[in-house]
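Read in order, the letters of the sequence shown correspond to residues 1 to 319 in the UniProt record's numbering.
Note sheet for the following structure.
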Amino acid sequence: MISLGRREQFTSGSPDLQDLFLEFHSLYRKISPRDGNSLFRMIAEQMYDSQCMQNDVRQECVRYMTLKRRIFEKQIAGDFDEYVMKMSKPQTMGTMIELRALCLLYRRNVRLYEPFKTFELVTFNKRYMEYFSVYYTKDQHFDSIYTIEDYKALAVAQAVCYKMLFTDIFKLPDVSYTVEKMLYSGRFNNCSIKECCSFYNRKGLALSCVCQLLGNFCIPFPYKVAKMLDPHTYRNMDRSSCRDSKRTEYLDKIYTVGAMCRVDLSADNSQIGYIQEIFIETQSCLVHIVSMAKKLQMPLANVHPLPPKDVCVYQGNLI
1 MISLGRREQF TSGSPDLQDL FLEFHSLYRK ISPRDGNSLF RMIAEQMYDS
51 QCMQNDVRQE CVRYMTLKRR IFEKQIAGDF DEYVMKMSKP QTMGTMIELR
101 ALCLLYRRNV RLYEPFKTFE LVTFNKRYME YFSVYYTKDQ HFDSIYTIED
151 YKALAVAQAV CYKMLFTDIF KLPDVSYTVE KMLYSGRFNN CSIKECCSFY
201 NRKGLALSCV CQLLGNFCIP FPYKVAKMLD PHTYRNMDRS SCRDSKRTEY
251 LDKIYTVGAM CRVDLSADNS QIGYIQEIFI ETQSCLVHIV SMAKKLQMPL
301 ANVHPLPPKD VCVYQGNLI
């Protein structure tokens, strides 16, 4: 997440020394999920403005390499047909060979960044006028590089889109006020023109449901949503969505209805139970505790799968 603070200097907030080095040169790395699709995510974003096109980019790359077999075959150790067949499958890690193929396909050269180095210009054809800005690490991971101005534009565009969603589609009132209250409430203490500031002038107005929630110290949406609604903040939603998707997939594999588990009721009290229902949104589940003969809703962090040798799947009807 990148923050364009109203008073602070633009900063990524990342403790990573590589990001601090880039930040010194007014460059920012948009980190892709660390999987075999990073190259194709990066190209899809810079070509189509959406990482959702990653699989289309992968297939275009494979088709181009197959068509130009005589160019790429000599760079590949082993059978070429097996190589491209494997590359056509999701999660197969792209390499510099595929980067070259995509550059020739889309007629672009490359500004190649590596850890603690300024960019190296890789020219595939002098007639190509556009570039991919690529951050490459030795573990064959690819990220996109943007300038500060690019990120400012992304932050504003993201805020406009999400504000339209919440105000015009969800019909949520006082969205801008809520964002100010959630993210910047402590920054208005030195306001010199309070009579012109909507943050201070709420008296006499009919309070909306959102303002009533704020008055009761409740928030109408998560802080990550507030940051997406703020034009001074850019949130890397591609990475967040991928992380949430993987977490849900992991939970689906580990926690299943009817599975036997160990439940931590307290620091020194663990009991055996059976999962009755799973609530992904609240990261909790309803568990029947055998020794207590009762159901409890517990956070998933307190529910642990048992080793296979200790598992006895509940055979009857759910309790």
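Note that beta-carbon positions come from the ideal geometry of N, C-alpha and C, so glycine has one too.
Quantities reported herein were computed from a predicted structural model and do not represent experimental measurements.
Presumed contact (8 angstroms Cβ cut-off) between residue i and residue j, rounded CB distance
i: tyrosine 83; j: arginine 108; result: Wrong, their Cβ atoms sit about 23 angstroms apart, outside the cutoff.
i: isoleucine 145; j: tyrosine 177; result: Contact flag wrong, Cβ pair sits at about 36 angstroms.
i: asparagine 236; j: isoleucine 31; result: 7 angstroms
i: threonine 147; j: serine 26; result: 6 angstroms
i: serine 284; j: proline 299; result: 5 angstroms
Contact test: residue i Cβ vs the ligand FMN heavy atom, cutoff 6 angstroms
i: serine 241; result: In the structure on display, the ligand FMN does not appear, and there are no ligands present to speak of.
Residue from the options with nearest C-alpha to residue i
i: methionine 47; options: Leu105, Glu73 and Leu67; result: Leu105
i: arginine 100; options: Lys68, Asp139, Asp238 and Lys89; result: Lys68
i: arginine 29; options: Leu251, Phe116, Leu165 and Val257; result: Phe116
i: asparagine 302; options: Val290, Gln271 and Gln276; result: Gln271
i: glutamine 140; options: Phe40, Leu306 and Asn55; result: Phe40
i: proline 305; options: Gln283, Glu180, Arg262 and Leu22; result: Arg262
i: methionine 260; options: Ile275, Ala226 and Pro90; result: Ile275
i: proline 231; options: Val160, Arg63 and Lys138; result: Val160
i: glycine 273; options: Asp81, Cys218 and Gly258; result: Gly258
i: serine 185; options: Ala157, Phe217 and Ser88; result: Phe217
i: glycine 36; options: Ser88, Glu249, Phe170 and Asp244; result: Ser88
i: aspartate 49; options: Asp79, Gln158, Ala267 and Asp81; result: Gln158
Distance CB(residue i)-CB(residue j) smaller than 7 angstroms
i: valine 57; j: isoleucine 71; result: no
i: leucine 229; j: tyrosine 162; result: yes
i: leucine 286; j: lysine 294; result: no
i: cysteine 61; j: glutamate 120; result: no
i: tyrosine 234; j: tyrosine 136; result: no
i: methionine 182; j: alanine 155; result: no
i: aspartate 264; j: serine 208; result: no
i: valine 210; j: proline 222; result: no
i: serine 38; j: phenylalanine 142; result: yes
i: lysine 86; j: threonine 95; result: no
i: tyrosine 255; j: isoleucine 278; result: yes
For residue i: DSSP bridge partner residues
i: valine 263; result: Gln271 and Val303
i: asparagine 109; result: Tyr131
i: valine 287; result: Ile275 and Leu296
i: leucine 121; result: Arg111
i: serine 176; result: Answer is none; serine 176 lacks a bridge partner.
i: leucine 27; result: Thr147
i: phenylalanine 142; result: Tyr136
Distance between residue j and residue i (C-alpha atoms, nearest Å)
i: glutamine 51; j: arginine 34; result: 14 angstroms
i: arginine 247; j: asparagine 125; result: 42 angstroms
i: tyrosine 128; j: cysteine 103; result: 9 angstroms
i: glutamate 45; j: alanine 77; result: 30 angstroms
i: glutamine 54; j: methionine 292; result: 50 angstroms
i: lysine 224; j: leucine 172; result: 17 angstroms
i: methionine 65; j: glutamine 59; result: 10 angstroms
i: glutamate 281; j: threonine 123; result: 48 angstroms
i: aspartate 19; j: serine 133; result: 15 angstroms
i: glutamine 315; j: glutamate 23; result: Low confidence applies here, because glutamine 315 scores a pLDDT of 49, under 50, leaving its location unreliable; read the following figure in that light. Roughly 58 angstroms separates the two Cα atoms.
i: arginine 7; j: phenylalanine 166; result: Note that arginine 7 scores 42 on pLDDT, short of 50, meaning its location in the model is unreliable and no value can be drawn from it.
i: arginine 243; j: aspartate 81; result: 33 angstroms
i: glutamate 249; j: arginine 239; result: 15 angstroms
i: aspartate 16; j: valine 179; result: 28 angstroms
i: proline 90; j: alanine 267; result: 42 angstroms
i: leucine 251; j: serine 245; result: 10 angstroms
i: methionine 164; j: phenylalanine 170; result: 9 angstroms
i: lysine 74; j: phenylalanine 21; result: 37 angstroms
i: lysine 138; j: alanine 153; result: 30 angstroms
i: valine 110; j: glutamine 297; result: 53 angstroms
i: leucine 168; j: glutamate 149; result: The question names leucine, but residue 168 in the sequence shown is aspartate. Those two C-alpha atoms are separated by around 28 angstroms.
i: glutamine 212; j: arginine 63; result: 57 angstroms
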